[in-house]
Amino acid sequence: MQMSGLGLGAMMLPEVPVIGNPVREEQLLNPWLDAASKKKLAETALNAARDKGATYTDVRIGRYLQQYLFTREKQVQNIVNAESYGIGIRVIANGTWGFSATSDVTPDGIAKCAATAVAIAKANSKFQKEPVVLAPQKGVGDKAWKTPLTKNAFEIPVRDKIDLLMKVNGAAMDNGASFVTSNLFFVNEQKYFASTDGSFIDQDVHRIWPTFTVTVTDKASGKFKTRDAISSPMGMGYEYLDGLAAEKIAGPNGLVGYRNSYDMVEDAIAAAKQAKEKVTAKTVLPGKYDLVLDPNHLGLTIHESVGHPTELDRVLGYEANYAGTSFATLDKWKTKNFNYGSKLVNIVADKTRAHTLGAVGYDDEGVPCKEWDIIRDGILVNYQAIRDQVQILGEKESHGCCYADDWSSVQFQRMPNISLKPATEKRSVLDMIKGVEKGIYIIGRGSYSIDQQRYNFQFGGQVFYEIKNGEIAGMLDDVAYQSNTQEFWNSCVQLCDKDDYRTFGSFFDGKGQPAQISAVSHGSSTTRFNGVNVINTGRKI
Amino acid sequence: MAILTKEEAKKIIDKVLAFSKADEISASLSGERTGNIRYARNSVSTSGETTDLSLSVTAVYGKKSGTATINEFDDASLEKTVRRAEEIAKLAPDNPEYMPMLGQQSYIESKAFIENTAAIDAEYRAKAAFSSIDPCAKKNLTAAGYMEDNSGFSAQGNSKGLFGYNKSTSVDFSVTVRTADGTGSGYVARDYNDASKLSTQTATEIAMQKALASVNAKALEPGKYTVILEPTAAHDLVQNMMRSMDARSADEGRSFLGKKGGGTRLGEKLLDERVTIYSDPANPEIPGAPFAADGRPQEKVTWFEKGVVKNMYYSRFWAEKKGVKAIPSPGGFIFEGGNDSLADLIKGTEKGILVTRFWYIRSVDPQTLLYTGLTRDGTFYIENGQIKYPVKNFRFNESPVIMLNNVEAIGKPVRTNGSLIPPLKIRDFTFTSLSDAV
Numbered sequence: 001m002q003m004s005g006l007g008l009g010a011m012m013l014p015e016v017p018v019i020g021n022p023v024r025e026e027q028l029l030n031p032w033l034d035a036a037s038k039k040k041l042a043e044t045a046l047n048a049a050r051d052k053g054a055t056y057t058d059v060r061i062g063r064y065l066q067q068y069l070f071t072r073e074k075q076v077q078n079i080v081n082a083e084s085y086g087i088g089i090r091v092i093a094n095g096t097w098g099f100s101a102t103s104d105v106t107p108d109g110i111a112k113c114a115a116t117a118v119a120i121a122k123a124n125s126k127f128q129k130e131p132v133v134l135a136p137q138k139g140v141g142d143k144a145w146k147t148p149l150t151k152n153a154f155e156i157p158v159r160d161k162i163d164l165l166m167k168v169n170g171a172a173m174d175n176g177a178s179f180v181t182s183n184l185f186f187v188n189e190q191k192y193f194a195s196t197d198g199s200f201i202d203q204d205v206h207r208i209w210p211t212f213t214v215t216v217t218d219k220a221s222g223k224f225k226t227r228d229a230i231s232s233p234m235g236m237g238y239e240y241l242d243g244l245a246a247e248k249i250a251g252p253n254g255l256v257g258y259r260n261s262y263d264m265v266e267d268a269i270a271a272a273k274q275a276k277e278k279v280t281a282k283t284v285l286p287g288k289y290d291l292v293l294d295p296n297h298l299g300l301t302i303h304e305s306v307g308h309p310t311e312l313d314r315v316l317g318y319e320a321n322y323a324g325t326s327f328a329t330l331d332k333w334k335t336k337n338f339n340y341g342s343k344l345v346n347i348v349a350d351k352t353r354a355h356t357l358g359a360v361g362y363d364d365e366g367v368p369c370k371e372w373d374i375i376r377d378g379i380l381v382n383y384q385a386i387r388d389q390v391q392i393l394g395e396k397e398s399h400g401c402c403y404a405d406d407w408s409s410v411q412f413q414r415m416p417n418i419s420l421k422p423a424t425e426k427r428s429v430l431d432m433i434k435g436v437e438k439g440i441y442i443i444g445r446g447s448y449s450i451d452q453q454r455y456n457f458q459f460g461g462q463v464f465y466e467i468k469n470g471e472i473a474g475m476l477d478d479v480a481y482q483s484n485t486q487e488f489w490n491s492c493v494q495l496c497d498k499d500d501y502r503t504f505g506s507f508f509d510g511k512g513q514p515a516q517i518s519a520v521s522h523g524s525s526t527t528r529f530n531g532v533n534v535i536n537t538g539r540k541i
Numbered sequence: 001m002a003i004l005t006k007e008e009a010k011k012i013i014d015k016v017l018a019f020s021k022a023d024e025i026s027a028s029l030s031g032e033r034t035g036n037i038r039y040a041r042n043s044v045s046t047s048g049e050t051t052d053l054s055l056s057v058t059a060v061y062g063k064k065s066g067t068a069t070i071n072e073f074d075d076a077s078l079e080k081t082v083r084r085a086e087e088i089a090k091l092a093p094d095n096p097e098y099m100p101m102l103g104q105q106s107y108i109e110s111k112a113f114i115e116n117t118a119a120i121d122a123e124y125r126a127k128a129a130f131s132s133i134d135p136c137a138k139k140n141l142t143a144a145g146y147m148e149d150n151s152g153f154s155a156q157g158n159s160k161g162l163f164g165y166n167k168s169t170s171v172d173f174s175v176t177v178r179t180a181d182g183t184g185s186g187y188v189a190r191d192y193n194d195a196s197k198l199s200t201q202t203a204t205e206i207a208m209q210k211a212l213a214s215v216n217a218k219a220l221e222p223g224k225y226t227v228i229l230e231p232t233a234a235h236d237l238v239q240n241m242m243r244s245m246d247a248r249s250a251d252e253g254r255s256f257l258g259k260k261g262g263g264t265r266l267g268e269k270l271l272d273e274r275v276t277i278y279s280d281p282a283n284p285e286i287p288g289a290p291f292a293a294d295g296r297p298q299e300k301v302t303w304f305e306k307g308v309v310k311n312m313y314y315s316r317f318w319a320e321k322k323g324v325k326a327i328p329s330p331g332g333f334i335f336e337g338g339n340d341s342l343a344d345l346i347k348g349t350e351k352g353i354l355v356t357r358f359w360y361i362r363s364v365d366p367q368t369l370l371y372t373g374l375t376r377d378g379t380f381y382i383e384n385g386q387i388k389y390p391v392k393n394f395r396f397n398e399s400p401v402i403m404l405n406n407v408e409a410i411g412k413p414v415r416t417n418g419s420l421i422p423p424l425k426i427r428d429f430t431f432t433s434l435s436d437a438v
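One line per chain: the protein sequences are A and B, in this order. First residue of the first sequence: 1, per my numbering; consecutive thereafter. First residue of the second sequence: 1, per my numbering; consecutive thereafter.
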């Protein structure tokens, strides 16, 4: 599920979640506590919880920074600089979880917080049916990890960022846009983890998301069309905005894809031209088409139809009242021959791949991150699990995908990067399109909806091109495809190679009650699916 | 200490305003206590309580504004926050759409604060969860639910003489009940300002009944059907339309209220003549906030009258530009209806489908307000005035504008998610595919 959260007040601003209090731009660069001071505070928590009767404790001392910029046309709508810091303490007492958090990061405040966490665990243990079982995790000692980056986005002056967005907006308007909104999102999580296993882990995690929406209105017909940026949120610094030529992937009809470097102005120009073209594009004839899906589109389909259904907590029923359960049940997995997709479908989970949103050294319960298979040669082989679940799968080691969106939120199972492996044989997008007789080439993230067990879905996109006899025949409009997860992945017939591989990302993925956000990437190369049902979404009111 | 009285709040705000040297200054102070309990697989999974009290100060020089917040309330901290807001304002770029702060306003007295909701504690929450879990466990059903209670206040004041104070409470409850084999699922949701109106057991019984009744669902062909939307289902689609009534978007030609050749559909008959939708913060069943975030008073506003678009909502900037009254967007809304209950609507239906709720609703085309989504947790076939059998869930592609032109009957409004929404009987509702999800 994608989440929208706290509104920012003014009209036309996207609703985005903001955690913490507004601060001055310069304050975001202030150094916080050093690792030694954090270790001392963490030990206070570990000792206090043990003294109250906890048999396991983990502590997260966190400082979470956000800088969000919002503009439209020639004006700045809002600049958010926010900081949130505090400590979250999670314990097991009487075989039951307890959690408490405080912004009072003093020895006294921490001891009180630890006592509350133990008291909650003991109170809830009266209702507990089975004690919590944790997969073993050897302490890793003192460790540090940092997102590999060359330009810390928080060190770039706001003025430069506004200048970039004004350039983007100007480029869109000069190329036929009627309206444009553009945004930059930057996140920095400075988090220190300690546990009674003997782990003391200091991490500095950075994320970036540049995006925009271009709108073209046509007064005569009363029509309006939009085209969103085809950037991807990344686990990178400001260098993602360098627009390096070497990271551009040339597609058919002058289309450009972006790998690990994004040219925001170039994309805004393309967006304005494409939005204009959409106003008069041919409306799609409903029916079966072979779909050629760009990575910047397919990522969301992977997210919804593979990422969420293979979350073990969903499978077990913990999300039944909100996001739902899953069709990918344990009995299907146990058969070892459940055909999630065709033989070409190899889906891998990871928290390690460079530049991705999921990449960290250790998860929020101190487990070193790794890579593992979810679907191998089309067969469902594994799920996403954390320390108190992984034994259900007969495994002795957590997958390392536990996450909390703030120090004040309790960590739980969140989606790692879930990606489709590219073809090993050589194939470009042009090669793929050449082989399609009647198809549609879809780029960008559009409308998306899927049922609560992840069978039936419907996806739109940003731009659609008709493919006729191996060639692009022009732009289409009013396109959405509907399918069933298993049927869809079994209709996967061809993949492009690693040269076309890119990541798509979700910056504000929502889960849980109360809801928490997380950020996750999905890699793939352009992929072909045969005979998918396409509907026409045009209506008159 | 999270809930300050009007006098306590005013004292702090007045102090803040006195510290300022800016052209204009405003302060808003809010506090809340929120508690929750979550359960799944018939067992409590998480519960907690948080309190928060914070002050936000906005200082303005010309068309530059800056905001700072703090959660300490001694004089030195308050003054420091004012100075910080002033510094940020001086460095900010001009906002060409900045509107001078409002002067003194008159607000209605809200009745949204109920003592017994504010008194909810951990024991109450545990009992509420138990009352929902226990009947399910006894019938070999599985409950997953969530209850959240909130009590809070908000106060704002500025250097132009505006002052407003409001406090409110709320409790939101929802539960999904599933059969042990996962072939049946039912859902119910309730929300109140007054927690004494909530019985988690009574509500859960409805979800239990739906879970049991939805086992062995039959597959019907997708297509156009007469549907009865329970208020929870009707709410979600109608709310999406109500949230799209921004005047600026319509004037800019990028809204369903924009018109061919330019201009808006204000004054046009867009919906069935039986559709009247208004908002009223004084309604005792859904008491709303007396003021919007920017201090504008919330008043009774008719949005659709007998199907005609009567009002759109405006930012103050856009209203001034257009020379019209700056009506803020509403909180909850009231969809007028008759006296028929849901049971009456079912009784009067020859052939149709009863929809408990929709799920994963997303915009497909903002031009026509086309949405897609699915039915969930209780979908039934009706024949000759009776529920005959459960049916498999459908995906729909439908616009609330088209739907509200295909009205067959409107029932009696009930409180749903902060609004008053009737069950609706709609003809030719468009289901485009089937889902195997339970």
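Using N, Cα and C, we set each Cβ at its ideal position, and we do this for glycine too.
Strand pairing of residue i, partner residues [DSSP]
i, result
"Val520 (chain A)", "A:Ser506"
"Cys402 (chain A)", "A:Gln413"
"Gln67 (chain A)", "A:Asn81 and A:Phe186"
"Leu29 (chain A)", "DSSP, once it has assigned bridges, lists no residue as partnering Leu29 (chain A)."
"Gln75 (chain A)", "A:Arg72"
"Leu211 (chain A)", "Note that residue 211 (chain A) is Thr in the sequence shown, not Leu. A:Asn183, per the DSSP bridge assignment."
"Tyr257 (chain A)", "Checking the sequence, you will find Gly at residue 257 (chain A) rather than Tyr. The partner list for Gly257 (chain A) (beta bridge, DSSP) reads A:Ile249."
Sub-8 Å separation of residue i and residue j beta-carbons
i, j, result
"Gly461 (chain A)", "Gly446 (chain A)", "yes"
"Tyr371 (chain B)", "Glu398 (chain B)", "yes"
"Leu380 (chain A)", "Lys343 (chain A)", "no"
"Gly186 (chain B)", "Gln201 (chain B)", "no"
"Val410 (chain A)", "Thr46 (chain B)", "yes"
"Ala114 (chain A)", "Lys39 (chain A)", "no"
"Arg296 (chain B)", "Ala326 (chain B)", "yes"
"Arg72 (chain A)", "Val180 (chain A)", "yes"
"Gly378 (chain B)", "Thr349 (chain B)", "no"
"Gly222 (chain A)", "Lys6 (chain B)", "no"
"Ile402 (chain B)", "Ile228 (chain B)", "no"
"Ala128 (chain B)", "Ser28 (chain B)", "no"
"Asp519 (chain A)", "Asn417 (chain A)", "The question names Asp, but residue 519 (chain A) is Ala in the sequence shown. It is not a contact, given that the beta carbons lie outside the stated cut-off."
Residues that residue i contacts on chain A, provided the C-beta gap is smaller than 9 Å
i, result
"Asn252 (chain B)", "Looking at the sequence itself, residue 252 (chain B) is Glu, so the reference to Asn does not match. By Cβ distance, chain A contributes Ser178, Phe179, Thr215, Thr217 and Phe224."
"Tyr389 (chain B)", "The contacting residues do not exist; Tyr389 (chain B) stays about 20 Å from chain A at best."
"Asp436 (chain B)", "Phe327, Asp451, Gln453, Tyr455, Asn456 and Asn484"
Close beta carbons around residue i, own chain, < 6 Å, minus the five adjacent residues each side
i, result
"Ala66 (chain A)", "Ala is not the amino acid found at residue 66 (chain A); the sequence shown has Gln there. The answer, listed in chain order, is Ala82 and Val187."
"Met1 (chain A)", "Confidence at Met1 (chain A) is low in this model, with a pLDDT of 41, below 50, so the placement of that residue should be treated as unreliable; the coordinate-derived value is given next. Contacts found: Ala323 and Gly510."
"Met12 (chain A)", "Low confidence applies here, because Met12 (chain A) scores a pLDDT of 35, under 50, leaving its location unreliable and the question unanswered by this model."
Proximal chain A residues relative to residue i, where beta-carbon distance stays under 7 Å
i, result
"Gln367 (chain B)", "Lys223 and Phe224"
Amino acids of chain A, ordered along the chain, whose beta-carbon sits closer than 8 Å to that of residue i
i, result
"Tyr360 (chain B)", "Met1, Ser449, Ile450, Asp451 and Gln452"
"Ser199 (chain B)", "Within 8 Å Cβ-Cβ: nothing; Ser199 (chain B) doesn't reach chain A, min ~18 Å."
Beta-carbon neighbours of residue i, restricted to chain B and to distances below 8 Å
i, result
"Arg539 (chain A)", "Asp365, Thr368, Leu370, Ser399 and Ile402"
Cross-chain neighbours of residue i in chain B, by beta carbon under 9 Å
i, result
"Gly531 (chain A)", "Chain B residues near Gly531 (chain A): none, gap ~15 Å exceeds 9 Å."
Cβ shell of residue i (< 8 Å), same chain only, five flanking positions each side left out
i, result
"Met475 (chain A)", "Gln274, Glu277, Lys278, Ala281, Lys282, Val463, Phe464, Tyr465 and Glu466"
Spatial neighbours of residue i in its chain, beta-carbon cut-off 7 Å, leaving aside the 5 residues before and after
i, result
"Gln453 (chain A)", "Gly324, Thr325, Ser326 and Phe327"
Exercise. With a cut-off of 8 Å, do at least 3 Cβ pairs link the region 335 to 347 of chain B to the region 409 to 418 of chain B?
Worked result: The region 335 to 347 of chain B is in contact with the region 409 to 418 of chain B.
Exercise. Are three or more beta carbon pairs between the region 137 to 154 of chain B and the region 213 to 225 of chain B nearer than 8 Å?
Worked result: Per the Cβ contact rule, the region 137 to 154 of chain B is not in contact with the region 213 to 225 of chain B (fewer than 3 Cβ pairs under 8 Å).
Exercise. Pairing CB atoms from the region 259 to 267 of chain B with CB atoms from the region 279 to 298 of chain B, are three or more of them under 8 Å?
Worked result: Taking 8 Å as the limit for Cβ pairs, the verdict is that the region 279 to 298 of chain B does not touch the region 259 to 267 of chain B.
Problem set entry | Three or more C-beta pairs below 8 Å linking the region 118 to 134 of chain B and the region 81 to 101 of chain B | Touching, no, given that fewer than three Cβ pairs across the two stretches are closer than 8 Å.
Problem set entry | contact_flag[the region 259 to 268 of chain A, the region 301 to 320 of chain A] where n(CB pairs < 8 Å) is 3 or more | The region 259 to 268 of chain A vs the region 301 to 320 of chain A: no contact.
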